[in-house]
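**Student:** Position in the sequence shown counted from 1, then plus 13, gives you my numbering.
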Amino acid sequence: MKKHIVVYSIVVFMAVAGLVCGAIAQSLPGPPPPMPPAPAAAVSPAAGAGPTAPAGIGGPPAPPLPGGPAPPPVAVQPPPVGPPAAIAPAVPTQALIADLPRAEATVRELSGRLTPGEVRLVRGPGGEVILAAELIYRGTPVAVLHFDPRDGRLLPLGVPSHAFRSTVPAGAVRDRLAAITRELKVLPAAEFLAPEASWSFPVVRGDAVVARVKVYHDGIHIVAQSVAEPRRISYGR
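Rendered as structure tokens:
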């Protein structure tokens, strides 16, 4: 009898101890939850900058979100000052500049050596009448003068006549061409024409530019010009 009482007491003690231990275990804090993995790279915003949207992968940062302060202005670099890197595709810029004095010396030889050439009446692309005379150097036309077909006046370069009928015969211009040629001067002031890779020099009479002489970029070859297609010749030095 006494033995049964002892066993019963032990069982009751263990049950009570189990209940007490379970209550204590529930009251204690559990293990901390697992931390999320850290991002591969985190860039902190600059001081004073507002919140920004996430940047695209491999691209520029996204603009600031609405409500944030505006980003500081970006300084714009001024364009470089100086000649273009390449004026003509096949000719370096330094070579062009180096050959300019030679071209100026070539056109100085033309002043006083131009002679009258052919006088022609032709139709322009719009049907207008063109009354033109060629200037000759060493047997080749190197410049073209344009006249008004209504009264025979020498026109400044680029002035259109807008005439569709000529009232001046070509012979009348031919009779005056020698005197006009003696009054012409070729100025050693150059303009470079990239599409033609040549230097252009004005031919003046009084206060008007009436034609132009072209020298190839090497400064030696004068470009032949006529009422027809221009072509290059090998005159000069």
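Here a beta-carbon is modelled for each residue, glycine too, at the ideal position from N, C-alpha and C.
Roughly how many angstroms separate the alpha carbons of residue 225 and residue 145, rounded to a whole number?
**Tutor:** Roughly 14 Å between the two C-alpha positions.
**Student:** Kindly indicate which residue of 153, 171 and 133 has the alpha-carbon position closest to the one of residue 253.
**Tutor:** This structure gives no information on residue 253, because the portion of the chain shown stretches from 14 to 250.
**Student:** Report back the beta-carbon spacing between residue 138 and residue 147 to the nearest angstrom; my notes put them in contact at under 8 Å.
**Tutor:** At roughly 20 Å, the Cβ-Cβ gap does not stay under 8 Å, so residue 138 and residue 147 are not in contact.
**Student:** In the DSSP output, what is residue 225 paired with across the bridge?
**Tutor:** Residue 225 is bridged to 215.
**Student:** Can you tell me whether residue 233 is helix, strand or coil according to DSSP?
**Tutor:** Looking at residue 233 - three-state DSSP - the assignment turns out to be coil, as it is neither helix nor strand.
**Student:** I'd like to know if the stretch 159 to 173 and the stretch 185 to 196 are in contact, where contact means that at least 3 CB-CB pairs between them fall below 8 Å.
**Tutor:** In short, these stretches touch, since the Cβ pair count reaches three.
**Student:** Span of the alpha helix (DSSP H) holding residue 113?
**Tutor:** Where residue 113 is concerned, the enclosing alpha helix (DSSP H) stretches over 106 to 121.
**Student:** Would you give the residue range spanned by the alpha helix (DSSP H) that residue 192 belongs to?
**Tutor:** Here the alpha helix (DSSP H) through residue 192 covers 183 to 195.
**Student:** Quick one, are the C-beta atoms of residue 236 and residue 135 less than 7 Å apart?
**Tutor:** For residue 236 and residue 135, no; Cβs fall outside 7 Å.
**Student:** Between residue 211 and residue 198, is the Cβ-Cβ spacing less than 7 Å?
**Tutor:** Against a cut-off of 7 Å, the Cβ pair of residue 198 and residue 211 comes out as no contact.
**Student:** I'd like to confirm the pairing. Which residues does DSSP put opposite residue 142 in its beta bridges?
**Tutor:** In DSSP, residue 142 forms a bridge with 136.
**Student:** In the DSSP assignment, what are the bridge partners of residue 177?
**Tutor:** Per DSSP, none; premise fails for residue 177.
**Student:** Bridge partners of residue 154, per DSSP?
**Tutor:** Per DSSP, 149.
**Student:** What would DSSP say about residue 53, mapped onto helix, strand or coil?
**Tutor:** Its pLDDT being 45, under 50, residue 53 is placed unreliably in this model, and the value from its coordinates should be taken loosely. The answer is coil: DSSP assigns residue 53 none of H, G, I, E or B.
**Student:** Which same chain residues, not among the five before or five after residue 201, have their C-beta less than 7 Å away from its C-beta?
**Tutor:** Hits under 7 Å: 117, 120, 121 and 214.
**Student:** Determine the DSSP secondary structure at residue 205, reduced to helix, strand or coil.
**Tutor:** Strand, per DSSP.
**Student:** Would you say residue 230 and residue 113 are within 7 Å of each other, going by their C-beta atoms?
**Tutor:** For residue 230 and residue 113, no; Cβs fall outside 7 Å.
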